[in-house]
Amino acid sequence: MTTPGAAPMQQDVPEGSEPPVRGRVAARFTRYSALSLLTVPAGYSLFLLFRHFFENVNAGLLNLCVGMVLTPPSFLMYRVFVWGGGSGRSVWAELFSFWQTVMVGALASSAFMAVVDLLFDANEAVLILAGLTGQGVIFIARFLWLDKVTFMPRVGGS
Numbered sequence: 540m541t542t543p544g545a546a547p548m549q550q551d552v553p554e555g556s557e558p559p560v561r562g563r564v565a566a567r568f569t570r571y572s573a574l575s576l577l578t579v580p581a582g583y584s585l586f587l588l589f590r591h592f593f594e595n596v597n598a599g600l601l602n603l604c605v606g607m608v609l610t611p612p613s614f615l616m617y618r619v620f621v622w623g624g625g626s627g628r629s630v631w632a633e634l635f636s637f638w639q640t641v642m643v644g645a646l647a648s649s650a651f652m653a654v655v656d657l658l659f660d661a662n663e664a665v666l667i668l669a670g671l672t673g674q675g676v677i678f679i680a681r682f683l684w685l686d687k688v689t690f691m692p693r694v695g696g697s
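In the working numbering, the protein residues as written are 540 to 697.
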């Protein structure tokens with residue numbers, strides 16, 4: 540039984556039909572968030588490795604380098620596991636759009652990290668916290684861009 544005005548529950552959706560749009564977006568956001576639990580620690584682990592070998596380079600610049608290195612594998616994972624293989628557009632167009640969102644997140648986190656590194660000569664834990672803060676600011680906007688622009692399925696095109 541449904542309440543008037545309420546979103547239908549899974550048991551209210553007839554068998555064989557697709558769940559409501561809101562449910563599909565929520566499912567993609569859940570997969571996006573879960574995959575971020577893998578990609579974000581991998582990125583910061585690579586950052587710490589770079590920091591070990593390039594200790595005199597500002598943390599913000601190292602973070603941008605990590606973002607560049609990790610874009611292709613991250614793109615492939617998000618494309619397959621979150622958006623089910625892409626939009627049907629060119630893989631290169633999707634990769635470029637994805638890279639842009641990575642760079643916005645990397646720039647935000649790098650700016651936070653660079654300032655913290657410059658002002659406080661911070662240790663690695665504080666730098667990672669600063670980077671996570673910068674990325675957190677972008678997290679939801681990045682999902683919305685990827686979902687509604689980059690990986691939006693083509694409509695009626697060839």
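Glycine included, C-beta positions come from ideal geometry on N, C-alpha and C.
**OP:** Take Val-676 and list the residues in its own chain whose beta-carbon comes closer than 7 Å to its own, dropping the five residues that flank it on each side.
**Re:** Closer than 7 Å at Cβ, skipping near neighbours: Ala-647.
Subject >> Length of the line joining the Cα atoms of Cys-604 and Phe-690 >> reply: For the pair Cys-604 and Phe-690, the Cα-to-Cα distance works out to about 25 Å.
Original post:
By DSSP, does Asn-602 sit in helix, in strand, or in coil?
Top reply: Here Asn-602 carries a helix assignment [DSSP, helix/strand/coil].
**OP:** Could you name the residues of the same chain whose beta carbon sits closer than 6 Å to that of Ala-669, not counting the 5 residues immediately before and after it, in chain order?
**Re:** Answer for Ala-669: Phe-651, Met-652, Val-655, listed in chain order.
Subject >> Helix, strand or coil at Asp-686 according to DSSP, with G and I counted as helix >> reply: In this structure, Asp-686 counts as helix in the three-state DSSP scheme.
**OP:** Going by CA-CA distance only, name the one from Asn-595, Lys-687, Met-607 that's closest to Gly-644.
**Re:** Cα-wise, what sits closest to Gly-644 is Met-607.
Subject >> Local Cβ density within 10 Å of Val-579, reported as buried at 16 or more and exposed below that >> reply: Buried is the call here.
**OP:** Please look up how many angstroms separate the CB atoms of Trp-622 and Arg-561, rounded, as I've assumed it's under 8 Å.
**Re:** With 8 Å as the limit, Trp-622 and Arg-561 do not qualify as a contact, their Cβ atoms being about 17 Å apart.
**OP:** Have a look at Phe-614, Phe-592, Phe-593, Asn-602 and flag the residue whose alpha-carbon is nearest the alpha-carbon of Ser-575.
**Re:** Checked all of Phe-614, Phe-592, Phe-593, Asn-602; the closest Cα to Ser-575 is Phe-614.
Original post:
Helix, strand or coil for Ala-661 per DSSP?
Top reply: Coil at Ala-661, not helix or strand.
Subject >> Residues near Gly-544 in its chain [Cβ-Cβ closer than 6 Å; skip 5 each side] >> reply: Interpretation of Gly-544 is limited by its pLDDT of 49, a score under 50 that renders its predicted location unreliable; no figure is taken from the coordinates.
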